[in-house]
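A.B. asks: One structure, as structure tokens, below. Some questions next.
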Amino acid sequence: MPTDFTAQLPLDVGLRDTTSFDSFCSGRNQELVDRLKATVLAADDKKGNQIYLWGQVDCGKTHLLQALCRLASQQGCSAVYLSLADAQQHGVQWLEDVDRLGLVCIDDVQAIAGQRTWETALFTLGDRVREQAGSWVVAGIAPPKGLSLVMPELESRLARGLIYRVLGLNDDERCQAVRIRAQQRGLELSNEVMRYVLNRYPRDIAALFELLDRLDKASLASGRRLTIPFLRQLEASCGEGGVE
Numbered sequence: 556m557p558t559d560f561t562a563q564l565p566l567d568v569g570l571r572d573t574t575s576f577d578s579f580c581s582g583r584n585q586e587l588v589d590r591l592k593a594t595v596l597a598a599d600d601k602k603g604n605q606i607y608l609w610g611q612v613d614c615g616k617t618h619l620l621q622a623l624c625r626l627a628s629q630q631g632c633s634a635v636y637l638s639l640a641d642a643q644q645h646g647v648q649w650l651e652d653v654d655r656l657g658l659v660c661i662d663d664v665q666a667i668a669g670q671r672t673w674e675t676a677l678f679t680l681g682d683r684v685r686e687q688a689g690s691w692v693v694a695g696i697a698p699p700k701g702l703s704l705v706m707p708e709l710e711s712r713l714a715r716g717l718i719y720r721v722l723g724l725n726d727d728e729r730c731q732a733v734r735i736r737a738q739q740r741g742l743e744l745s746n747e748v749m750r751y752v753l754n755r756y757p758r759d760i761a762a763l764f765e766l767l768d769r770l771d772k773a774s775l776a777s778g779r780r781l782t783i784p785f786l787r788q789l790e791a792s793c794g795e796g797g798v799e
């Protein structure tokens, strides 16, 4: 098997270019971040790990899984990230063979809850990863018992390893996360601009990151810095829908 995890993925599935541990605001999730890193970095802890992550939508689960795959690749470990939200676009054979990789990260497990064929395939994958002494990290919106799975065996399998709740960001942590993303793009956000954005736009982190992407493009196109007058001008030109 090739060691490059991207070679294992369909062309329309991959890692976002911004998902790394450096770009993740750990906040109250520092213990989890350290545990995930140890899955790849600790010499005596690389094999046989099983971790289950759960939390609300946009709390950072996907970022963490993709950051872990990226770190594994940098360390020369074969890895794959798959989101079961895309399951309907593929057959269950999508989960075949990946058990031979050193790290398997499965996202959105709730998407296949109640579908026995998929649940069976995921259970089988978990067994095979364990037999190969690989690491298996799975994420969903609820703990295993709250997924409404039809296979008690899969629920038991997911609950067998470490279980972490990914905690959402408070306002200070949300600001830090947006600043990190802005710095990656070479943008400067003043405290005034940050407060303006948080007071006028949805506060979930995914929406804020999308807004930042749009602001970045608008700033580059106009050659202007991000200031409150500039934001108001953009809002006026876009109407009630906000910055586009």
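Using the working numbering, you'd call the opening residue of the sequence shown number 556 and step up by one each time.
Beta carbons: idealized from backbone N, C-alpha and C, even for Gly.
So, helix, strand or coil for L766, using DSSP?
C.D. replies: Helix, per DSSP.
A.B. asks: Provide the residue(s) that pair with C660 in DSSP beta bridges, ordered along the chain.
C.D. replies: According to DSSP, C660 bridges with Y636 and V692.
A.B. asks: Only counting the same chain, and skipping five residues up and downstream in sequence, which positions put a Cβ closer than 8 Å to that of M749?
C.D. replies: Take M749, set aside five residues on each side of it, and the residues of its chain with a beta-carbon closer than 8 Å to its own are C730, V733 and R734, in chain order.
A.B. asks: Is it buried or exposed for C632, if we count other Cβ within 10 angstroms and need 16 for buried?
C.D. replies: Its Cβ being crowded by 16 or more others within 10 Å, C632 is buried.
A.B. asks: Relative to the alpha-carbon of T617, which residue among L637, Q630, N604 and Q629 has its alpha-carbon at the smallest distance?
C.D. replies: L637
A.B. asks: Assuming L608 contacts A694 (C-beta within less than 8 Å), just tell me the rounded distance between them.
C.D. replies: 4 Å
A.B. asks: With DSSP collapsed to three states, give me the class of R736.
C.D. replies: helix
A.B. asks: Going by the beta-carbon positions, is the gap between S575 and R655 smaller than 8 Å?
C.D. replies: No, the pair does not count as a contact, with Cβ atoms beyond the cut-off.
A.B. asks: Note down, one range per segment and in chain order, each alpha helix (DSSP H) of at least 4 residues found wholly within the segment 568-628.
C.D. replies: 585-596
A.B. asks: Report the CB separation of A634 from S628 in whole angstroms; it is logged as a contact under 8 Å.
C.D. replies: 6 Å
A.B. asks: Could you give the residue range of the alpha helix (DSSP H) that holds I783?
C.D. replies: I783 to C793
A.B. asks: For L680 and D663, which I take to be in contact (beta-carbon distance under 8 Å), what is that distance rounded to the nearest angstrom?
C.D. replies: The pair is not a contact, with the Cβ atoms about 15 Å apart (cut-off 8 Å).
A.B. asks: Assuming Y751 is part of the alpha helix (DSSP H), what are its boundary residues?
C.D. replies: N746 to R755
A.B. asks: In whole angstroms, what separates the C-alpha of R736 from that of E728?
C.D. replies: 12 Å
A.B. asks: Leaving aside the five residues before and after A714 along the sequence, list all residues of the same chain whose C-beta is less than 8 Å from its C-beta, in chain order.
C.D. replies: Y607, P698, P699 and K700
A.B. asks: Mapping the DSSP letters down to three states, classify L650 as helix, strand or coil.
C.D. replies: helix
A.B. asks: Three-state secondary structure (DSSP) at R720?
C.D. replies: strand
A.B. asks: Among the residues of its own chain, which have a CB less than 7 Å from the CB of R720, if the five just before and after it don't count?
C.D. replies: W609 and G610
A.B. asks: In whole angstroms, what is the alpha-carbon distance linking S690 and N604?
C.D. replies: Approximately 4 Å, taken between the alpha carbons.
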